[in-house]
Amino acid sequence: MKYILLMYHTEGVFTQEELTQEMQNAIGLCEELVAKGQFVGASPLETISTATSLTAKSGRTEVRDGPFAETKEQLGGYVIVDVPNLDQAIAIAERFPAAKRGTVEIRPLFPLEGIPVA
Numbered sequence: 001m002k003y004i005l006l007m008y009h010t011e012g013v014f015t016q017e018e019l020t021q022e023m024q025n026a027i028g029l030c031e032e033l034v035a036k037g038q039f040v041g042a043s044p045l046e047t048i049s050t051a052t053s054l055t056a057k058s059g060r061t062e063v064r065d066g067p068f069a070e071t072k073e074q075l076g077g078y079v080i081v082d083v084p085n086l087d088q089a090i091a092i093a094e095r096f097p098a099a100k101r102g103t104v105e106i107r108p109l110f111p112l113e114g115i116p117v118a
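Reminder that position 68 of the sequence shown reads as 68 in the UniProt record's numbering, one-by-one numbering, no gaps.
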């Protein structure tokens, strides 16, 4: 089953030195997942200052700068893994930097039938 691990943390929670080290740790973990055949994809996100949010309600589209949610933690990136069960997804998620100073949300991906994937 495929799971997405959504990495939430407050921007600036890691010093630049810590961030560099934690990025290397995360890349190493992704390389380990590749070797095990469990890696589907991943990407860190640019800072929230680059975010654009869109809502389309009652026929009216509103576009605004910044993230939609007004929270302390922001979505910082994601990893998609293909593992047999939630327990294995949890074991992987707890090793990522966001688990140390933020939150990792783990959600199964809903399979879309009949849509070609590049």
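Note that the Cβ used here is the ideal one computed from N, Cα and C, for glycine as well.
Residue i classed as buried or exposed, judged by whether at least 16 other C-beta atoms fall within 10 angstroms
| i | result |
| --- | --- |
| residue 79 | buried |
| residue 97 | buried |
| residue 14 | buried |
Span of the alpha helix (DSSP H) around residue i
| i | result |
| --- | --- |
| residue 22 | 16 to 35 |
Whole-angstrom C-beta distance between residue j and residue i, which should lie under 8 Å
| i | j | result |
| --- | --- | --- |
| residue 42 | residue 77 | 7 Å |
| residue 16 | residue 48 | At roughly 17 Å, the Cβ-Cβ gap does not stay under 8 Å, so residue 16 and residue 48 are not in contact. |
Within 9 Å, strictly: CB atoms of residue i and residue j
| i | j | result |
| --- | --- | --- |
| residue 82 | residue 1 | yes |
| residue 93 | residue 104 | yes |
| residue 8 | residue 108 | no |
Residue i - containing beta strand (DSSP E), residue span
| i | result |
| --- | --- |
| residue 50 | Residue 50 -> no beta strand (DSSP E), and no H or E assigned at all. |
| residue 11 | Unbroken run through residue 11: none, as it is neither H nor E. |
Counting only runs of 3+ residues fully inside the stretch 71 to 110, write out the beta strand (DSSP E) ranges in chain order. 74 to 82, 102 to 108
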